[in-house]
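Numbering (this note's numbering), first residue to last: 30 to 515.
Comments concern the structure below.
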């Protein structure tokens, strides 16, 4: 009985829990599958890849000057596709380290290239580059929205990021091109990322020849009023400035005269981006554009004015080749040898080829054709020029430059043999910065002039008489000594 009671008590304790468990937990539930994307069916979007035809590249030669001193935010390997295309065409690449080097290198250059500059261009540099473009040179400027220089506020110490738009605009504003301090994006049509913007609408120009679609990676928008927008995108290409589409802005622009091109990105110049879409074709077009620059020969290019590695020198017969003249001509020969120009001295004025003609004003009639073409007239009262007006003859030398299909001719004239020697020294120095210059003529100071020395050191005493003044003798008496005035 006692055992039965104990069993009933245990059952009374266990049975409710067992019934509750059977009621609420009716077996182990089956775990349902978690819904996941079908990754196997996905295909990663890949941009089309284009390879330019490099079999029939025209050898254009030329020198491209690369900006290297405006705090440029790039490394050479980032523009390898462009430099390779330039070298494939026979181009040479030089780097400008300062403004003086820039001016010197531009005299023989086809193009100037500045990539992501952070330091502004000075008025002197912009004038040098404007003159370069006016002579026929090309200018390429690349910016990038992902490049910034980090500065710190002097008072608060807070970091401040400065992009390359302001520095680029300090040069581009003279060519009616402006770079916006923004970035372009497209959330609907892009190359794998909303900041990888695609352009498929192009302005008509050789730079856009053969393009169907190009992709930029972190590009700024560029505007021009008088020039040509080279790269336009769809209406879904928006600017970070106002999240709107500006139909008057694009990814690149060309100046009205076709000498300056600005691009809002340069990432497309490096691998692998250089092979996506039609970027490779665009890079080939950029190389052709850079090497197509050809400067009009003028005295602005001095001393790089000769079209070959040889020049003939004719010294007018009225000039004696005395030791001073030989020294001057030897200095001229050495200076031109440094420029890979060999001189040949001849007894008659050459009719073709590069030539240097040297004479005095007394022989100006022998050089009349050159003087007339340069609008220079040499007379007894001085030198008359269309570019500089009337100047004194004594103490000044005249340089005339003429370029033709048969070669370039440089004429050096001065009033006296000594002035001619001094003028040859100016030419040997290789710099006309101290002269008044135009495209075809220059007037250089080579002394103070004969009249100055004559008037200062010598007085006319032809009309004076001499009078005697007493002079003491050893015995204390006086002796008359002649003096002016009688």
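Cβ atoms here follow ideal geometry from the backbone N, Cα and C, with glycine treated the same way.
Do the CB positions of residue 111 and residue 330 come within less than 8 Å of each other? no
Can you grab the Cα-Cα spacing for the pair residue 258 / residue 291, in whole Å? 10 Å
In chain order, what residues of the same chain have a beta carbon less than 7 Å from the beta carbon of residue 379, not counting five sequence neighbours either side? 341 and 343
For the segment 134 to 144 against the segment 253 to 271, are there 3 or more C-beta pairs whose distance is under 8 Å? no
Do residue 255 and residue 279 have their CB atoms nearer than 8 Å? no
Tell me whether residue 225 sits in a helix, a strand or coil according to DSSP, three-state version. strand
C-alpha distance - residue 125 paired with residue 403, whole-angstrom precision: 33 Å
Would you list the residues sitting across from residue 411 in a DSSP beta bridge? 408
Entirely enclosed alpha helix (DSSP H) segments - the segment 100 to 140, minimum 4 residues: 109 to 117 and 128 to 135
What does the alpha-carbon distance come out to for the pair residue 377 and residue 90? 35 Å
Spatial neighbours of residue 360 within its chain, please: C-beta separation below 8 Å, excluding the five flanking residues on both sides. 453, 454 and 457
For the segment 260 to 277 and the segment 226 to 246, state whether three or more C-beta atom pairs, one from each stretch, are separated by less than 8 Å. yes
Cβ-Cβ separation, residue 472 to residue 417 (assumed contact under 8 Å), whole Å: 6 Å
Measure from the alpha carbon of residue 408 to the alpha carbon of each residue in 104, 117 and 421, then state which is nearest. 421
Return the chain-ordered list of same chain residues with a C-beta closer than 6 Å to the C-beta of residue 200, the five sequence neighbours on each side being excluded. 150 and 155
I need the straight-line Cα distance from residue 301 to residue 122, nearest angstrom please. 23 Å
CB residue 208 to CB residue 142, shorter than 8 Å? no
Could you check the C-alpha separation between residue 160 and residue 178 for me, to the nearest Å? 30 Å
For residue 38, name the three-state secondary structure that DSSP assigns. helix
Residue 96: first and last residue of the uninterrupted beta strand (DSSP E) it sits in: 92 to 96
According to DSSP, residue 341 sits in a beta bridge with which residue or residues? 373 and 384
Rounded to whole angstroms, what's the CA-CA distance from residue 57 to residue 67? Just pull it up for me. 29 Å
What runs of the alpha helix (DSSP H), each 4 residues or longer, lie entirely inside the segment 425 to 474? 446 to 458
Please state the DSSP three-state secondary structure of residue 524. Look at the range of the chain in this structure, 30 to 515, and you will see that residue 524 is not part of it.
In three-state DSSP terms, what is residue 203? helix
Three-state secondary structure (DSSP) at residue 302? helix
Buried versus exposed call for residue 515 [16 or more other C-beta atoms within 10 Å across all chains shown]: Because residue 515 sits at a pLDDT of 47, beneath the cut-off of 50, its placement in the model cannot be relied upon, and the following sentence gives the value as read from the coordinates. Exposed.
Residues in its own chain within less than 7 Å of residue 148 by CB, not counting five upstream and five downstream? 99, 100 and 196
Can the beta-carbon of residue 387 be found less than 8 Å from the beta-carbon of residue 320? no
DSSP-derived helix/strand/coil call for residue 401: helix
Taking only beta-carbon atoms, is residue 112 less than 8 Å away from chain B? The question asks about chain B, but that chain is absent: this structure has only one protein chain.
Alpha carbon to alpha carbon, how far is residue 339 from residue 163? Give it in angstroms, no decimals. 28 Å
Is it the case that the Cβ atoms of residue 174 and residue 117 are separated by a distance below 8 Å? no
Figure out for me which residue from 44, 108 and 52 has the closest Cα to the Cα of residue 316. 108
Should residue 311 and residue 240 be called a contact, given that it needs their Cβ atoms to be closer than 8 Å? yes
Best match in 113, 114 and 153 for proximity to residue 132 [C-alpha to C-alpha]: 153
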